[in-house]
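If you read the sequence shown in my numbering, its first letter stands for residue 13, the second for the next number, and so on. All C-beta atoms, glycine included, are put in the ideal place defined by N, C-alpha and C. Keep in mind it's a predicted model, so treat the numbers as computed, not measured. Beneath this line is the structure, given in structure tokens, with notes to follow.
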Amino acid sequence: MVMLMAVACVGCAHHYTTTGLVLKVDPPASVTISHDAFPGFMDAMVMPFDVKGDARTEKLTAGDRVRFRLAVKGERSWVDKVDVISAAPVDAGLQQTPAVPVLVPVGSPLPDFELTDQANRRLALSSLKGKVVAVTFVYTRCPLPDYCPRMVTNFRAIRDRFAARMDRDLVLLTISFDPKFDTPETLTRYAASQRAGGPGWHFLTGDPANIERVCNAFGIQYWAEEGMITHSLQTAVIDRDGRLAATVEGKEFTPKQLGDLVEAILDR
């Protein structure tokens with residue numbers, strides 16, 4: 013019986029499961045993923061994968077965080093299962109607010125906006141046409157190290173990785189949704205404390221109504237809660253034509269994976 017089972021398994025596919033960030037989708041049957049390590053099989057890296065079986069590319073978008081299974085048989089490999097990992101749920105004890113729709117779908121142009129940076133200079137999104145722009149949202153009083161500070165850490169890694177392209181090809185926008193507290197002076201101190209900033213990296217604030225419009229365009233939720241701000245997490249990348257190229261929800265991705273996504277859009 014054991015021998016029969018061994019014979020039956022000759023030619024069986026081996027399966028490996030991991031998580032990763034979708035960089036590019038090529039329908040109907042290919043996807044490029046910056047993936048975490050497959051334990052005992054493959055280190056973390058960027059790879060294009062064929063997609064077969066129950067996996068479907070039409071449900072995937074650049075920026076999706078996914079859990080997927082890789083099948084390997086002889087000299088062939090393919091992804092046969094893939095699931096989009098949803099953003100971490102808001103604690104049930106927190107006050108809920110109506111969902112804010114993502115007003116701008118991936119692939120569509122973003123409406124222009126103008127905000128003030130940490131040097132008290134006005135900056136319009138339209139002035140950045142021709143450059144790739146990465147955007148995230150924070151508030152400087154955020155007490156949780158794996159929330160707003162992690163968003164800054166991610167961008168610091170992007171700045172360091174693409175140092176030669178900063179401001180020339182790539183711009184980073186860190187937008188505060190706490191504009192009454194986060195003045196340009198406060199943002200300057202915060203950037204210094206986080207070892208952030210430098211050419212091409214702007215910390216932005218503005219009047220509350222304008223900030224709300226910008227946050228709505230990116231689907232950001234935020235509201236006051238016992239003296240602090242409860243909020244969602246979102247990172248977006250805008251292409252050189254001012255179109256939304258990708259959005260990444262939450263924080264369960266690595267700085268390298270975000271960098272791989274930015275690089276894929278830079279190199280289009």
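Distance from the Cα of Val274 is smallest, within the candidate group Leu127, Leu33, Glu224 and Ile187, for Leu33. Counting along the chain, no beta strand (DSSP E) covers Arg201; the unbroken alpha helix (DSSP H) around it starts and ends at Pro196 to Ser205.
Excluding five sequence positions before and after Asn166, the CB atoms of its chain that fall closer than 6 Å to its own CB belong to Pro267 and Leu270, given in chain order. Secondary structure at Thr73: coil, using DSSP grouped into helix, strand and coil. DSSP, reduced to helix, strand and coil, places Lys36 within a strand of the structure shown. Per DSSP, the unbroken alpha helix (DSSP H) holding Lys268 starts and ends at Pro267 to Leu278. Judged by DSSP in its simplified three-state form, Ala131 adopts coil rather than helix or strand. Annotated three-state conformation of Phe167 is helix, per DSSP.
Under the three-state reduction of DSSP, Arg88 is assigned to strand. Secondary structure at Pro121: strand, using DSSP grouped into helix, strand and coil.
Taking one beta carbon from each stretch, the stretch 240-256 and the stretch 144-153 have 3 or more pairs nearer than 8 Å; the two touch. Membership of Glu264 in any alpha helix (DSSP H) is not indicated, and neither H nor E is assigned to it by DSSP.
If you look at Val249, you'll find it in the beta strand (DSSP E) that goes Gln246 to Ile250. Asp62 sits in a strand when the DSSP states are folded into three classes. In the DSSP annotation of this structure, the continuous segment of the beta strand (DSSP E) that includes Ile45 starts and ends at Ser42 to His47. Boundaries of the alpha helix (DSSP H) harbouring Ile223: Pro220 to Ala229, taken from the DSSP string. Membership of Leu140 in any beta strand (DSSP E) is not indicated, and neither H nor E is assigned to it by DSSP.
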